[in-house]
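Each remark here refers to the structure printed beneath this line.
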Amino acid sequence: MEIEKEKIENTNIIKINFGNERDENTNELSGTIELDIENQTQFIEHINILLDEGETMIILSLSQVSYIDSSGLWAIFESYKKTEQRNGKIVLLNPKKDVRRVLDITKISSKIKIFEEDQSAINYLSQT
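Mapping the sequence shown onto this note's numbering, position 27 (from 1) lands on 225, and the numbers just tick up by one.
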């Protein structure tokens, strides 16, 4: 799993993208990943680094996450709690249908806002 952070221009918002390969020409991250027990520690460590750097407005793009298990759900919820403790916000962006279903069934979607478009997530975080 590769993780990439992108600063949203003219804001204090960071967008996190996931993937499993990087295009040699464009350096863009692509490919689907599974957020599970094998990589949840890496995910949490990355979020902790962002929080330690003072980044507390975070968009997690789930568009490349094809599968999530209980470890992945825990990692997302743990990140949410840690960010809230620092008076910040984490929102989820564009989860695939199956991932969205798991977020809904586990009620995580009732705690963490989910958006389908970048601009909606940016607008929400900009107002808080």
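Here a beta-carbon is modelled for each residue, glycine too, at the ideal position from N, C-alpha and C.
Practice prompt. Go through the stretch 213-281 residue by residue and report every complete run of the beta strand (DSSP E) that reaches 3 residues or more, in order.
Written response: Runs of the beta strand (DSSP E) spanning 3 or more residues and lying entirely within the stretch 213-281 occur at 231-233, 255-259 and 263-266, in chain order.
Discussion item. Give me the residue from GLN317, TYR278 and MET199 with the minimum Cα distance to GLU236.
Written reply: As a working mapping, residue 236 is identified with position 38 in the sequence shown. Per the Cα distances, MET199.
Fill in: CB-CB length for LEU291 against SER268, believed under 8 Å
Position 93 of the sequence shown holds residue 291. Position 70 of the sequence shown holds residue 268. Taking the Cβ atoms as the reference, LEU291 lies roughly 21 Å from SER268, outside the contact range of under 8 Å.
Practice prompt. Spatial neighbours of ASP221 within its chain, please: CB distance less than 7 Å, with the 5 preceding and 5 following residues excluded, ordered by chain position.
Written response: On the sequence shown, residue 221 is found 23 positions in, with the first residue counted as 1. Scanning its chain for C-beta atoms nearer than 7 Å, with the 5 sequence neighbours on each side dropped, one finds around ASP221 the residues SER228, in chain order.
Discussion item. So THR230 and ASN246 are supposed to be a Cβ contact under 8 Å. How far apart are they, rounded?
Written reply: Along the sequence shown, one-based indexing puts residue 230 at 32. Along the sequence shown, one-based indexing puts residue 246 at 48. Between ASN246 and THR230 the Cβ distance is about 24 Å, and since that is not below 8 Å, they are no contact.
Fill in: Supposed close pair LEU233, ILE266 - CB separation, criterion 8 Å
Start at 1 with the first residue of the sequence shown, and residue 233 comes out as number 35. Start at 1 with the first residue of the sequence shown, and residue 266 comes out as number 68. Contact between LEU233 and ILE266 holds: CB atoms are separated by about 5 Å, below the 8 Å threshold.
Worksheet item: DSSP on LYS294, reduced to helix/strand/coil?
Response: On the sequence shown, position 96 is the one that residue 294 refers to. DSSP places LYS294 in coil when its eight states are reduced to three.
Worksheet item: If you run the structure through DSSP and keep just helix, strand and coil, what is ILE306?
Response: Here the question's residue 306 lines up with position 108 in the sequence shown. Correct three-state label for ILE306: helix.
Worksheet entry | Top-ranked residue by Cα proximity to ARG298, from LYS287, ILE310 and ILE288 | Counted from its first residue, the sequence shown places residue 298 at position 100. That would be ILE310, whose Cα lies nearest to the Cα of ARG298.
Worksheet entry | Which listed residue (LYS294, SER307 and THR281) has its alpha carbon closest to that of ILE256 | As a first step, residue 256 is located in the sequence shown; it is residue number 58 there, counting from the start. The shortest C-alpha to C-alpha distance from ILE256 to any of LYS294, SER307 and THR281 is the one to THR281.
Worksheet item: Assuming SER259 and ILE288 make a contact with CB atoms under 8 Å, what is their CB distance in whole Å?
Response: For the purposes of this step, residue 259 is taken as the residue at position 61 of the sequence shown. For the purposes of this step, residue 288 is taken as the residue at position 90 of the sequence shown. The distance from the Cβ of SER259 to that of ILE288 is about 12 Å, inconsistent with a contact at the 8 Å cut-off.
Discussion item. Applying the 10 Å Cβ sphere with the 16-neighbour rule, what's the burial state of ILE303?
Written reply: Counting from 1 along the sequence shown, the entry for residue 303 is found at position 105. Counting every other CB atom within 10 Å of its CB across the protein chains shown gives ILE303 a total below 16, marking it as exposed.
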